[in-house]
Amino acid sequence: MIDPFAVLTLGSTLFILGALGVLLRRNAIIIFMSIELMLNAVNLTLVSFARMNGNLDGQVLAFFVIIVAAAEVVVGLAIIMSLYRRKASASVDDARIMKW
Amino acid sequence: MIPGAVDKAWLIPLFPLAGAVFLLLLGKRAGRAAGPIATLMMGAAFVTGVVTFVQVTHQPAGQRSFVKPLYSWITSGKFHVGADLRIDPLSLMMVLVVTGVGFLIHLYSVGYMHGDPRYPRYFAYLNLFAFSMLVLVLANNFLILYAGWELVGLCSYLLIGFWFERRAAASAAKKAFITNRVGDFGFAIGIILIFVSVGSLDFDRVFGAIPGLGHGTVTAIALLLFAGACGKSAQIPLHVWLPDAMEGPTPVSALIHAATMVTAGVYMVARSHVIFDFSSSARDVVMWISIATALMAALIAFVQDDIKRVLAYSTISQLGFMFVALGVGTYTAGTFHLVTHAFFKALLFLGAGSVMHALGGETDMTKMGGLAKKIPWTAAVMIAGWLAIIGFPGTSGFFSKDQILEGAYVTHHYTIWALLLVATVGTGFYMSRLIFLTFFGKSRLDPSVHPHESPPVMGFPLGILAALALVGGLLGVSAHSGALQHWLTTPGPSAEPGSTLLSAPLPSAPEGHGGLSAPVLSTIATAAGLAGVAAAAFMYLGGFDWARRRERPGILWRAARQRLYVDSFYEFLFTGAGKLGATALAFVVDQLWIDGVVNWVGKGMALLSGAVRRVQTGYVRTYALGILAGGVMVVGLLVGRTH
Chain A
1 MIDPFAVLTL GSTLFILGAL GVLLRRNAII IFMSIELMLN AVNLTLVSFA
51 RMNGNLDGQV LAFFVIIVAA AEVVVGLAII MSLYRRKASA SVDDARIMKW
Chain B
101 MIPGAVDKAW LIPLFPLAGA VFLLLLGKRA GRAAGPIATL MMGAAFVTGV
151 VTFVQVTHQP AGQRSFVKPL YSWITSGKFH VGADLRIDPL SLMMVLVVTG
201 VGFLIHLYSV GYMHGDPRYP RYFAYLNLFA FSMLVLVLAN NFLILYAGWE
251 LVGLCSYLLI GFWFERRAAA SAAKKAFITN RVGDFGFAIG IILIFVSVGS
301 LDFDRVFGAI PGLGHGTVTA IALLLFAGAC GKSAQIPLHV WLPDAMEGPT
351 PVSALIHAAT MVTAGVYMVA RSHVIFDFSS SARDVVMWIS IATALMAALI
401 AFVQDDIKRV LAYSTISQLG FMFVALGVGT YTAGTFHLVT HAFFKALLFL
451 GAGSVMHALG GETDMTKMGG LAKKIPWTAA VMIAGWLAII GFPGTSGFFS
501 KDQILEGAYV THHYTIWALL LVATVGTGFY MSRLIFLTFF GKSRLDPSVH
551 PHESPPVMGF PLGILAALAL VGGLLGVSAH SGALQHWLTT PGPSAEPGST
601 LLSAPLPSAP EGHGGLSAPV LSTIATAAGL AGVAAAAFMY LGGFDWARRR
651 ERPGILWRAA RQRLYVDSFY EFLFTGAGKL GATALAFVVD QLWIDGVVNW
701 VGKGMALLSG AVRRVQTGYV RTYALGILAG GVMVVGLLVG RTH
């Protein structure tokens, strides 16, 4: 059996990697993938906690997250597509029109 | 038991109200029928009044006061105001004067206002006025009286400004209304004070409770009520509106500003005489203010050239006479003079209107003269009114003015008596001046003017009023045994102490023991009036060249011409200071304060948002960092709390 602490360490490492990706990268696709990485890191943590507590609550929540993430992919990719069509670029810095 | 006609007394004010509502709804469509309709309504009200009067006279003396409740107007806790009618000798006397003289003036107006573009509206207002005045005199409590009081003020405003295209008429209407507000403000406070100290506004209860109140309270109530009377009855310092009110049509001046509305103050003080009886200091104030008014108005009347303005100042002066009578405590003399004054002053005003009608609207007496031959009927009735007002023996004014002087003498107000004599000389002078300048001497008419006598519809009411002015004095030939005095002083149902039904008869002139007997006093008063006539005859009929003398005016003449500078002073004090204060307020409060606060709030917001909006960079990364920082902070707080 895998040590839950190791799983939690893996989950938080992946989360931090995802967060750094969101903050540091400019390509919208990469940022998007980083967000997915964060979501799945959370899923991992949830499942691990469920295991530790011996009930299914965390697993159920993980399924919800997967579903929401799937929906988010649909919307997010569509936004990135239309952004690319308009600006001929997928860099988020080029979508800087909503500012003072 | 209430006699039938008293039970139906609500019909008296209803007739003119119906006429006013009908004519106002019909508007211009009423056309030429408006005059006869309104006159008919007044006639009906007068007949109802007479029937009621006759039935009340058949009641045994002492049971002639009735209260006819119509409905409950306001009920709130202990505060109750009923729409009740009070039928008693005093209110019936006023009803007969208002409807009787009112009817004649309506009839006269049919001829006088002939051809006016707003003919129906005029009669609607006139009927509305009659209704309001009847509400005022038939009221059984101070609040209804106040309602009628304000309604007549409104009608006065509407009718003074009837020809509102003329700037002078519109301003005069406003002046009358605003000046009256000052007095009415005092009146309203007086009514509130009555309610606070008595707990009711019904006449019977209030007058029953007055003896139990402190002297200071009663004096305050009396003075506040008199403030209202000062406004309505044009006494110093609120007299300034009445001369300007002559901008209205002449029958309006006759009805509202001579015969009825301006005497409302006299009526109200006579009605509240219980209050004034309990405060001799308040009565002294009334007495001195009114004698000053009588003298001042007579002085100004000496130098007026406008025929209506002479009559207006004469009205102020005569109202002063009435208030002097009330002030010395001879209420019957004051109310008697009210009645006779209604006859002869309405007559004089209508006669002046007839003169204006004959001359195509000319009011300047220096451009008249010698009219007696051209318009003999008008001249004859005006002379009848003149004889009455100067107190020629046998006429109505002789008896009523005589009783006022006698009352002042027998109550030992010798200074007042002497001043009244001076005012009587003045009355004789300015009225004779008016008659001599208008009807006698050489004609100074514009050659293009061709005087013509007024139509019978105007001449007839003049004749009736002339007859009343000449013989109306028979109503009250003596202060002690006159019919009117007896009628007014017959006590109502006397009540045991504490009863709410308190009769309020007018006290008759006290039996005095002055040094001079009544006939001697009477002779002196008549001689005073005739002395004024003689002086006027010397100046305006004899060889005296008044037109040339006027080129070198004395200081008093100029002051009187300028209305003794009272109007200028008010203009300086209220208009000038008011404008200055308003300008200061407009700058300091409005521009600096209100606008300043609003502008600085706006500027502050702009500065703040200018700083804060820099946060929105448009870089997604920055926002994400913000979210992360926030999330870390929240988690940190939660973790920190659990440990």
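Protein chains in written order, with our numbering: chain A, 1 to 100; chain B, 101 to 743. Note that beta-carbon positions come from the ideal geometry of N, C-alpha and C, so glycine has one too.
Within 7 Å of the CB of residue 99 of chain A, the CB atoms of chain B belong to 716, 717 and 718, in sequence order along the chain.
Annotation for residue 500 of chain B: no beta strand (DSSP E) segment contains it, though the alpha helix (DSSP H) segment containing it runs 496-510. Beyond the five residues adjoining it in sequence on each side, residue 151 of chain B comes within less than 7 Å, by CB distance, of 105 in the same chain, given in chain order. Counting only runs that start and end inside the stretch 640-728 of chain B, the alpha helix (DSSP H) elements of at least 4 residues fall at 646-649, 655-661, 666-670, 677-685 and 695-712. Counting only Cβ-Cβ distances below 8 Å, residue 725 of chain B has contacts in chain A at 23, in chain order. By the Cβ-count criterion, residue 312 of chain B is exposed, with fewer than 16 other Cβ atoms from all chains shown falling within 10 Å of its own Cβ. For residue 169 of chain B, the beta-bridge partners assigned by DSSP are B/184.
Within the stretch 331-377 of chain B, the runs of alpha helix (DSSP H) at least 4 residues long that lie entirely inside it are, in chain order, 341-344, 350-354, 364-371 and 373-377. Rounded to whole angstroms, the separation of the alpha carbons of residue 473 of chain B and residue 670 of chain B is 43 Å. Pairing residue 122 of chain B with residue 459 of chain B, the inter-Cα distance amounts to about 34 Å. Sequence-distant partners of residue 557 of chain B (beyond 5 residues in either direction) whose C-beta falls short of 8 Å from its own C-beta, in its chain, are 207, 208, 210 and 211. Any Cβ of chain A closer than 9 Å to the Cβ of residue 728 of chain B would place that residue at the interface, and such an atom is present. Inter-residue distance for residue 216 of chain B and residue 693 of chain B is about 52 Å (C-alpha atoms, whole angstroms). Rounded to the nearest whole angstrom, the CA to CA distance from residue 651 of chain B to residue 405 of chain B is 15 Å. Straight across, the Cα-Cα distance linking residue 274 of chain B with residue 463 of chain B is about 22 Å.
Looking from the CA of residue 489 of chain B, the closest CA among B/738, B/465, B/533 and B/476 belongs to B/533. No Cβ of chain B is located within less than 9 Å of the beta carbon of residue 78 of chain A. When secondary structure is reduced to three states using DSSP, residue 515 of chain B falls in the helix class. In the structure shown, residue 93 of chain A falls within a helical segment according to DSSP collapsed to helix, strand and coil.
In the three-state reduction of the DSSP assignment, residue 393 of chain B falls in the helix class. Residue-level contact by beta carbon fails for residue 75 of chain A and chain B, as no gap is shorter than 9 Å. Unbroken alpha helix (DSSP H) stretches of 4 residues or longer found wholly inside the stretch 426-491 of chain B: 431-458, 471-474 and 476-490, given in chain order. By alpha-carbon distance to residue 380 of chain B, the top candidate from B/663, B/320 and B/587 is B/320. If only uninterrupted alpha helix (DSSP H) runs of at least 4 residues are considered, those enclosed by the stretch 249-323 of chain B are 267-298 and 303-309. Under a criterion of Cβ atoms nearer than 8 Å, no residue of chain B is adjacent to residue 90 of chain A; the nearest Cβ is some 12 Å distant. In its chain, beyond the 5 residues on either side, 123 and 220 have a beta carbon closer than 6 Å to the beta carbon of residue 130 of chain B. It is roughly 16 Å from the alpha-carbon of residue 627 of chain B to the alpha-carbon of residue 617 of chain B. Residue range 583-589 is occupied by the alpha helix (DSSP H) that includes residue 586 of chain B. Counting only runs of 4+ residues, the alpha helix (DSSP H) found wholly inside the stretch 111-172 of chain B occupies 111-126 and 134-157, in chain order. A direct Cα-Cα distance of roughly 7 Å separates residue 324 of chain B from residue 289 of chain B. Distance from residue 330 of chain B to residue 338 of chain B at the Cβ level is roughly 5 Å; contact confirmed, criterion being Cβ atoms closer than 8 Å. In this structure, the straight-line span from the alpha carbon of residue 426 of chain B to that of residue 691 of chain B is close to 52 Å. Distance from residue 360 of chain B to residue 201 of chain B at the Cβ level is roughly 7 Å; contact confirmed, criterion being Cβ atoms closer than 8 Å. Taking 9 Å as the threshold, the shortest C-beta distance from residue 721 of chain B to chain A falls below it.
When secondary structure is reduced to three states using DSSP, residue 407 of chain B falls in the helix class. The residues 424, 516 and 519, in chain order, have a CB closer than 6 Å to that of residue 391 of chain B in the same chain once the five nearest residues on each side in sequence are set aside.
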